[in-house]
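Residue numbers (our numbering), protein chains in the order written: chain V, 19 to 357; chain B, 116 to 468.
Glycine residues also receive a C-beta, built at the ideal position from the N, C-alpha and C atoms.
For clarity, every value in this text was computed on a predicted model and none was experimentally measured.
The block underneath contains the structure these notes are about, expressed in structure tokens.
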Amino acid sequence: MKKLLLSSAIALASMSGAALAGSHGVSACLITKTDTNPFFVKMREGATAKAEELGITLNSYAGKIDGDHETQVAAIETCIANGAKGILLTASDTSSIVPAVQQARDAGILVIALDTPLDPIDAADMTFATDNFLAGQLIGQWARAALGDDAANAKIATLDLNVSQPTVDVLRNQGFLQGFGIDLADPNVIGDESDPRIVGSDVTDGNEEGGRRAMENLLAKDPTINVVHTINEPAAAGAYEALKSIGRENDVLIVSVDGGCPGIQNVKDGVIGATSQQYPLLMASKGIEAIAAWAADGSKPSATEGKDFFDTGVALVTDKPVDGVESIDTAEGTDLCWG
Amino acid sequence: MPSSDNYESVVGKANAEIASFGGRDKSLIDRFHHALHTTPALVPLIVLVTAIIIFGLLLGTRFFSPFALTLILQQVQIVGIVAAAQSLVILTAGIDLSVGAIAVLSSVIMGQFTFRYGIPPVIAVACGLTFGTAIGALNGWLVARMKLPPFIVTLGMWQIVLAANFLYSQNETIRSQDIAEQAPLLQFMGNKFNVGGAVFTFGVVFMVLLVLILAYVLKHTAWGRHVYAVGDDPEAAELSGVNVKRTLISVYALAGLICAFAGWALIGRIGSVSPTSGQLLNIESITAVVIGGISLFGGRGSILGTFFGALIVGVFTLGLRLAGADAQWTFLLIGVLIIAAVAVDQWIRKVAA
Chain V
19 MKKLLLSSAI ALASMSGAAL AGSHGVSACL ITKTDTNPFF VKMREGATAK
69 AEELGITLNS YAGKIDGDHE TQVAAIETCI ANGAKGILLT ASDTSSIVPA
119 VQQARDAGIL VIALDTPLDP IDAADMTFAT DNFLAGQLIG QWARAALGDD
169 AANAKIATLD LNVSQPTVDV LRNQGFLQGF GIDLADPNVI GDESDPRIVG
219 SDVTDGNEEG GRRAMENLLA KDPTINVVHT INEPAAAGAY EALKSIGREN
269 DVLIVSVDGG CPGIQNVKDG VIGATSQQYP LLMASKGIEA IAAWAADGSK
319 PSATEGKDFF DTGVALVTDK PVDGVESIDT AEGTDLCWG
Chain B
116 MPSSDNYESV VGKANAEIAS FGGRDKSLID RFHHALHTTP ALVPLIVLVT
166 AIIIFGLLLG TRFFSPFALT LILQQVQIVG IVAAAQSLVI LTAGIDLSVG
216 AIAVLSSVIM GQFTFRYGIP PVIAVACGLT FGTAIGALNG WLVARMKLPP
266 FIVTLGMWQI VLAANFLYSQ NETIRSQDIA EQAPLLQFMG NKFNVGGAVF
316 TFGVVFMVLL VLILAYVLKH TAWGRHVYAV GDDPEAAELS GVNVKRTLIS
366 VYALAGLICA FAGWALIGRI GSVSPTSGQL LNIESITAVV IGGISLFGGR
416 GSILGTFFGA LIVGVFTLGL RLAGADAQWT FLLIGVLIIA AVAVDQWIRK
466 VAA
């Protein structure tokens, strides 16, 4: 036992020695919500590749689970202590993280929010993200056009993320409803719409299990649901299982957001009608480039025109294109997919 | 205090009353109290039936239909199976935080062995089940032989197994359509049959059979009584000839096996093999056990209670969603139920004297 402890202590010491040796020159930090979600895995790949190309030392940190705020704060503190030039951050708790981010900026570190805007958005130097409202809007417009005249008496279920209604959840949901032509009431809140076409919404935690349970709950409420908005593709796959178990998988339209490889495959197989694809790899590589520029001449990245963040783009992926909504097919979507 | 001098006589009086307990007419509340004490699953059963009646009255046939009621069974099957494993461990005064992680990694092993290495699904499933049992046995060995606290052992094992799950699976989801095409055996627990509008999956049938078998085994076999004895007082059990260590290891190993079965049922339930599912199974299973009236101090409670506990959570979840309540209310009410369940448990124990 003692021997084991001793040898691991030596291993640890030599590892931290190696880390110290590598920390000369420009270094950057990537802090993600978790390191298990394929989206963040892809993000890390993109950042690592770009960092190597530009000769930047990249240290990656991640929360243990989605919503693990403390680990992210500790990671920011570590980056400050390490003398990093820049931090790429996908925050779990978008408002509570702000003081820690401010501390880093005060220390002369460029902080870029990836994928998830901070609250307020200008708490970070810049945000590189998908326009989630637009992502929702595209699938909403597609669903409306795909239904044609039947859109007027559609029965809509929305399968959202979780009860705390994080920004990404609200943006996708409200974008979808707006795209479908539904009055949003307060665009910052899910579930305050009064349109009778909405059967209801339920939460999925963004996974298959939750997607299935939520779909079942809403089907029990109204078995005639024929349009389903899902927060992401795993939730969509779960919803499909629930529909299959009552034999309705072929007459319900499922739309989603993300563009992961299994999700695109599901679009190809007709499980999902259309999905809005986002590009985590691009967010990360753009982020590293921005840090390199900051380290070189102190220049900061600027926002996309007309928006308060840098839009890394979104594309609708479907094999059943409709008039008036631009889209790419699943072959192209597969080339661009992540995870 | 003079009353302390009268200690003996007071005890004498009390004893006389207790001695006449069976024969004498007691008030209704006393009898009820007694019934609750002798049948620990009664409280959760009453709560369950009351909840079903209330939601039935509020929601009518939307809730009170064979479809909706059996839907609840389908929704609680995974938690129900895992909670059965959790019950066994908690009856020995232990706790198992690694149950969900074992279930998920077992399901990942079943899937990846089939798809990555091309092993026949039957053998892959057997490997998954063996893996779950082995991890459970390792937990048991650390608890029984190394004398480590169960909370610590399984807290560590939870992290180890979960990390191994992500490392091994590379976070890769195996899609439902691929499984249905190439290895339908993995989705075996998802097969379903209808009985007059009621829908049962094999996973649900498995859960119910598992609970019934465990209830019988715990009550009517030597091993089952040993489990209770070890949880109640391990030293006394040891002195009366129970092999405490072997009993503990067998309990954890069996719990691991049951969790692996839950992993198999999970594939049937969600169709795909997803390494990110089941993250909260440990907490949800402990919730079911506590609401089901099993004492966290071990040695008391029944596995039927756990089953009812899991169903209560399912009834509240579906009922509140059908009623259109915000999902947050479900968590709030379940929190209330947990505390109420333990409070009732304390009240029942008072009559034990």
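Reduced DSSP category for residue i - H, G, I as helix; E, B as strand; rest coil
i                : result
ASP347 (chain B) : helix
LEU179 (chain V) : coil
ASP315 (chain V) : helix
GLN296 (chain V) : strand
PHE423 (chain B) : helix
PHE170 (chain B) : helix
ASP329 (chain V) : strand
VAL388 (chain B) : strand
VAL129 (chain V) : strand
VAL289 (chain V) : coil
PHE146 (chain V) : strand
ILE157 (chain V) : helix
LEU334 (chain V) : strand
ILE216 (chain V) : strand
ILE409 (chain B) : coil
ILE346 (chain V) : strand
ILE144 (chain B) : helix
ILE416 (chain V) : As displayed, chain V neither begins before 19 nor continues past 357, which places residue 416 (chain V) out of reach and without an answer.
ILE139 (chain V) : helix
Distance between residue j and residue i (C-alpha atoms, nearest Å)
i                : j                : result
LEU448 (chain B) : LEU426 (chain B) : 14 Å
SER320 (chain V) : ALA314 (chain V) : 16 Å
LEU156 (chain V) : GLN296 (chain V) : 12 Å
ILE346 (chain V) : GLY318 (chain B) : 40 Å
GLY316 (chain V) : LYS262 (chain B) : 59 Å
GLY199 (chain V) : ALA163 (chain V) : 11 Å
GLY218 (chain V) : GLY209 (chain V) : 8 Å
GLY224 (chain V) : ARG230 (chain V) : 11 Å
GLU70 (chain V)  : THR288 (chain B) : 29 Å
ALA216 (chain B) : SER392 (chain B) : 9 Å
PRO241 (chain V) : LEU301 (chain B) : 28 Å
GLY137 (chain B) : LYS465 (chain B) : In this predicted model, GLY137 (chain B) has a pLDDT of only 49, less than 50, meaning its place in the structure is not dependable; the value taken from the coordinates is given anyway. Whole-angstrom Cα-Cα distance: 17 Å.
SER294 (chain V) : ALA109 (chain V) : 22 Å
MET272 (chain B) : VAL207 (chain V) : 40 Å
LYS307 (chain B) : SER113 (chain V) : 46 Å
PHE58 (chain V)  : ASN100 (chain V) : 23 Å
TRP356 (chain V) : GLU63 (chain V)  : 10 Å
VAL459 (chain B) : ILE98 (chain V)  : 52 Å
PRO252 (chain V) : VAL162 (chain B) : 35 Å
VAL116 (chain V) : ASP140 (chain V) : 10 Å
Contact under 8 Å by Cβ, residue i with residue j
i                : j                : result
THR222 (chain V) : VAL285 (chain V) : no
PHE431 (chain B) : ALA166 (chain B) : yes
VAL270 (chain V) : ILE243 (chain V) : yes
THR269 (chain B) : GLY371 (chain B) : no
ILE130 (chain V) : CYS47 (chain V)  : no
ILE406 (chain B) : LEU333 (chain B) : no
MET61 (chain V)  : MET301 (chain V) : yes
ILE364 (chain B) : GLY255 (chain B) : yes
GLY424 (chain B) : VAL404 (chain B) : yes
ILE309 (chain V) : LYS51 (chain V)  : no
ALA203 (chain V) : LEU237 (chain V) : no
ASP287 (chain V) : ASN250 (chain V) : no
LEU151 (chain B) : ILE463 (chain B) : yes
PHE178 (chain B) : VAL326 (chain B) : no
VAL388 (chain B) : GLY251 (chain B) : no
ALA198 (chain B) : SER400 (chain B) : yes
PHE328 (chain V) : PRO135 (chain V) : no
**Request:** Let me know the beta strand (DSSP E) ranges lying completely inside the stretch 39-107 of chain V, each 3 residues or longer, listed in chain order.
**Result:** 45-50, 75-80 and 104-107
**Item:** Continuous alpha helix (DSSP H) assignments of at least 4 residues falling wholly in the stretch 218-283 of chain V
**Value:** 226-239 and 251-263
**Item:** Positions along the stretch 166-184 of chain B whose CB lies within less than 9 Å of some CB in chain V
**Value:** So the close ones are ARG177, PHE178, SER180, PHE182 and ALA183.
**Request:** Please go through the stretch 303-328 of chain B and give each complete beta strand (DSSP E) segment of 3 or more residues, from N-terminal end onward.
**Result:** Runs of the beta strand (DSSP E) inside the stretch 303-328 of chain B: 307-310 and 313-316.
**Item:** Runs of alpha helix (DSSP H) lying entirely within the stretch 199-260 of chain B, each at least 4 residues, in chain order
**Value:** 214-232 and 236-259
**Item:** Near-chain V residues of the stretch 442-456 of chain B (beta-carbon distance less than 8 Å), N- to C-terminal order
**Value:** ALA442, GLN443 and PHE446
**Asked** Using a beta-carbon distance cut-off of less than 9 Å, what residues from the stretch 372-393 of chain B approach chain V?
**Response** Within the stretch 372-393 of chain B, the residues whose Cβ lies closer than 9 Å to some Cβ of chain V are LEU381, ARG384, ILE385, GLY386, SER387, SER389, PRO390, THR391, SER392 and GLY393, listed in chain order.
**Asked** Got a sec: which bits of the stretch 300-314 of chain B sit with their beta carbon under 9 Å from any beta carbon on chain V, in order along the chain?
**Response** GLY305, LYS307 and VAL314
**Asked** Using Cβ-Cβ distances below 8 Å, what residues of the stretch 319-337 of chain B are close to chain V?
**Response** Look at the stretch 319-337 of chain B: it has no residue with a C-beta under 8 Å from a C-beta of chain V.
**Request:** Return the residues of the stretch 273-303 of chain B that lie within a Cβ-Cβ distance of less than 7 Å from chain V, sorted by chain order.
**Result:** PHE281, ASN286, THR288, ARG290, SER291 and GLN292
**Proximal residues, the stretch 188-209 of chain B versus chain V, C-beta separation under 7 Å** = The stretch 188-209 of chain B vs chain V, Cβ under 7 Å: GLN190.
**Message:** Which residues of the stretch 411-439 of chain B have a Cβ closer than 9 Å to any Cβ of chain V? Give them in chain order.
**Reply:** From the stretch 411-439 of chain B, only THR432, LEU433, ARG436, LEU437 and GLY439 have a Cβ closer than 9 Å to chain V.
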